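**Student:** My structure is below; once you've seen it, I'll send some questions.
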Amino acid sequence: MWLQLHASRLAVAAFALSAALALPAASAPAALEGVPRYDHVFVIVEENKDYAQILNPAAAPNIAGLAARYGNAAQFFSEGHPSEGNYVALLGGDNLDMHDDDAFYCTPGSTKPHCAGAAAPGYRDHTAHARHLGDQLAAAGLTWKGYYESLPEPGSLAFSAGDPKSANSMSTAPLYASKHTGFTNFETTQKDPRRAERLVDFGQFDRDLAADALPSFALIVPNQCNEMHGLGAVDAPADCQSGNTAGLIRRGDAVTGELVRRLQATKAWKGSGNVAIVITFDEGVGASHESCCDGAPAGTNPGGGHIPTIVITNHGPRGLKDQTAYNHYSLLRTLEDTFGIAEHLGHAADTDKGVQPMTALFAVKDPR
10 MWLQLHASRL
20 AVAAFALSAA
30 LALPAASAPA
40 ALEGVPRYDH
50 VFVIVEENKD
60 YAQILNPAAA
70 PNIAGLAARY
80 GNAAQFFSEG
90 HPSEGNYVAL
100 LGGDNLDMHD
110 DDAFYCTPGS
120 TKPHCAGAAA
130 PGYRDHTAHA
140 RHLGDQLAAA
150 GLTWKGYYES
160 LPEPGSLAFS
170 AGDPKSANSM
180 STAPLYASKH
190 TGFTNFETTQ
200 KDPRRAERLV
210 DFGQFDRDLA
220 ADALPSFALI
230 VPNQCNEMHG
240 LGAVDAPADC
250 QSGNTAGLIR
260 RGDAVTGELV
270 RRLQATKAWK
280 GSGNVAIVIT
290 FDEGVGASHE
300 SCCDGAPAGT
310 NPGGGHIPTI
320 VITNHGPRGL
330 KDQTAYNHYS
340 LLRTLEDTFG
350 IAEHLGHAAD
360 TDKGVQPMTA
370 LFAVKDPR
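Put into structure tokens, the structure is as follows:
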């Protein structure tokens, strides 16, 4: 009797084991388009430099070194000139045909301050009445933030802001510039009751790092002295003067290297979950109009140039130089994939124009 009962129990256990082995692991969600799920992705945006300027170890040793060690998207292009439309494209899949840096609140014909081009034919509303990546993440139960250095207050809708502690021209110089925020250009952000929690300064970044409370996605933008843009203010430091290209690159490279170092010191980076840090630029230098993958309408600015984009992952490729053509829409598509979001906003869905996910750069040895 005992032998019969024992055999029966063994049979049940064997059946349960075989059934369990046949099921996919609950902790391994399916990849989208070959891109595995990520717990955190942090995108650091720098300004106005071409690929060749930054992938020069003598000029930018931190970023060039990270490109050599991790993943280098060697054929990455921006959407146009100047800055603002590229940030909007990265987050929402459309640059709104913006070819100026007018304020996010400007509309055709507007006479408000900082709307200098509003009378021009074909001028577009600088507020996007559409969803952005943050909206998608919130709907999926995930978190997001924009960390903006020198932001005057949480959730600020200021056009620009200087250093209130300064006694010289830096007190009013545009250290913070809303044209470099991206999220601020979206109506859903402007009306978001949680805007003050989601648009924050680098002080909050410090606190979130210390508390291991970083969001699922973060857009990290240094101020105009530290993102290689530069200022024309007479009292700006020498390596923040807009004409000092070499100094701006050195300064921005050092700031970017420190941001990456601090993110790599987190528990999230050192843990079993997938984490990525992306370093990209809004556009190349003004004379460059190279582009890919977006089919710019006839008569519009054809592109924003060949820019550096580095993908640094804790469990992913090392020493990879990917020669596939990508742009900001490709990056948006990939970000959606990393968080399990099958919907692709705007031109991120333009597979017929060559927009594709950055699969090789985000691959991991053991996809989660």
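Here my numbering runs 9 ahead of the position in the sequence shown, where the first position is 1. Backbone N, C-alpha and C fix where the C-beta goes; we use that ideal spot for every residue, glycine too. Since the structure is predicted, the reported quantities are computational estimates derived from the model, not experimental observations.
1) What would DSSP say about T136, mapped onto helix, strand or coil?
2) Measuring CB to CB, does G171 end up less than 9 Å from M179?
3) What is the rounded straight-line gap between the Cα of L223 and the Cα of S187?
4) What do you reckon, are the CB atoms on G89 and A357 nearer than 9 Å?
5) Hey, out of Y335, H141 and P311, whose CA is closest to I319's CA?
6) Would you tell me roughly how many angstroms separate the C-alpha atoms of E42 and L354, rounded to the nearest one?
7) Around the Cβ of G295, are there at least 16 other Cβ atoms within 10 angstroms (buried) or fewer (exposed)?
8) Going along the chain, which residues of its own chain have a beta-carbon closer than 8 Å to the beta-carbon of G239, five neighbours each way excluded?
9) Here's a check: name, in chain order, each residue in its chain whose Cβ is nearer than 7 Å to the Cβ of N65, leaving out the five neighbours to either side.
10) Residues in its own chain within less than 7 Å of S169 by CB, not counting five upstream and five downstream?
11) Starting from the C-beta of R133, find all residues in its chain whose C-beta is less than 7 Å away, skip the five residues before and the five after it, and write them out in chain order.
12) Quick one: using the 10 Å Cβ neighbour count with 16 as the cut-off for buried, is R78 buried or exposed?
13) Please confirm if the segment 149-168 is in contact with the segment 205-212, defined as three or more CB-CB distances below 8 Å between the two stretches.
14) Distance, Cα to Cα, V373 vs K121?
15) So, with DSSP's three-state summary, where would you put L151?
16) What do you get for S281, buried or exposed, if any count of 16 or more other CB atoms within 10 angstroms of its CB means buried?
17) In chain order, what residues of the same chain lie with their CB nearer than 7 Å to the CB of H337, ignoring the 5 residues before and after it?
18) Taking only runs that begin and end inside the segment 227-308, name each unbroken beta strand (DSSP E) of 3 or more residues, in chain order.
19) Three-state secondary structure (DSSP) at Y8?
20) In whole angstroms, what separates the C-alpha of E56 from that of D201?
21) Starting from the Cα of R216, find the closest Cα among H123, N177, V264 and T275 and give me that residue.
22) Applying the 10 Å Cβ sphere with the 16-neighbour rule, what's the burial state of T193?
23) Run through the segment 163-214 for me and flag every whole alpha helix (DSSP H) of 4 or more residues, listed as ranges in chain order.
24) Can you list, in chain order, the residues of its chain whose CB lies under 8 Å from that of G131, leaving out five sequence neighbours each side?
25) From the DSSP secondary-structure annotation, give me the bridge partner or partners of G80.
26) Tell me the DSSP secondary structure of V97 in three-state form.
27) If you check the beta carbons only, do G314 and D110 fall under 9 Å apart?
28) Quick one: grab the DSSP three-state call for N65.
29) Can you grab the Cα-Cα spacing for the pair A307 / Y114, in whole Å?
30) Specify, as a first and last residue, the run of the beta strand (DSSP E) that H353 falls within.
31) Does the separation of the CB atoms of A369 and T333 fall below 9 Å?
32) Taking the alpha-carbon positions, what's the H123 to S92 distance?
33) DSSP three-state call for N104: helix, strand or coil?
**Tutor:** So, from the data block:
1) In this structure, T136 counts as coil in the three-state DSSP scheme.
2) In contact: G171 and M179 (Cβ atoms closer than 9 Å).
3) Taking the straight line joining both Cα atoms gives about 22 Å.
4) Result no, Cβ atoms of G89 and A357 do not sit closer than 9 Å.
5) Nearest C-alpha to I319: Y335.
6) Approximately 15 Å, taken between the alpha carbons.
7) Flag for G295 reads exposed.
8) For G239, where only same-chain residues beyond five positions count, the Cβ hits under 8 Å are Q233, A245, C249, Q250, S251, G252, N253 and L257.
9) Beyond the five residues adjoining it in sequence on each side, N65 comes within less than 7 Å, by CB distance, of A73 in the same chain, given in chain order.
10) Apart from sequence neighbours up to five positions away, the residues of its chain that approach S169 with a beta-carbon distance below 7 Å are P183, Y185, A186 and S187, ordered along the chain.
11) Once the five neighbours on either side are set aside, the close Cβ partners of R133 are L105, D106 and M107.
12) So R78 ends up on the exposed side.
13) Yes, the segment 149-168 touches the segment 205-212.
14) One C-alpha to the other measures close to 49 Å.
15) In the structure shown, L151 sits in coil (DSSP, three-state: anything other than H, G, I, E or B).
16) So S281 ends up on the exposed side.
17) Setting aside the 5 residues that flank it on each side, H337 is surrounded in the same chain by S87, E88, N95, A98 and L99, each with a C-beta closer than 7 Å to its C-beta; the list follows chain order.
18) Complete beta strand (DSSP E) runs here, min 3: 284-290.
19) Here the chain has residues from 10 to 377 only, and residue 8 is not among them.
20) For E56 and D201, the distance between alpha carbons rounds to 27 Å.
21) The shortest C-alpha separation from R216 is found at T275.
22) In this structure T193 is buried. Its beta-carbon is surrounded by 16 or more other beta-carbon atoms within 10 angstroms.
23) Correct list: 196-199 and 204-207.
24) Cβ neighbours of G131 beyond the five flanking positions: D106.
25) Beta-bridge pairing links G80 to V320 and L329.
26) In the three-state reduction of the DSSP assignment, V97 falls in the helix class, which pools H, G and I.
27) Going by C-beta atoms, G314 is not nearer than 9 Å to D110.
28) Correct three-state label for N65: coil.
29) Its pLDDT being 43, under 50, A307 is placed unreliably in this model, and the coordinates cannot settle the point.
30) First-last for H353: undefined, no H or E at that position.
31) With respect to the 9 Å criterion, A369 and T333 are classified as neighbours on the basis of their beta carbons.
32) Here the alpha carbon of H123 sits roughly 15 Å from the alpha carbon of S92.
33) Under the three-state reduction of DSSP output, N104 falls in the coil class, being neither helix nor strand.
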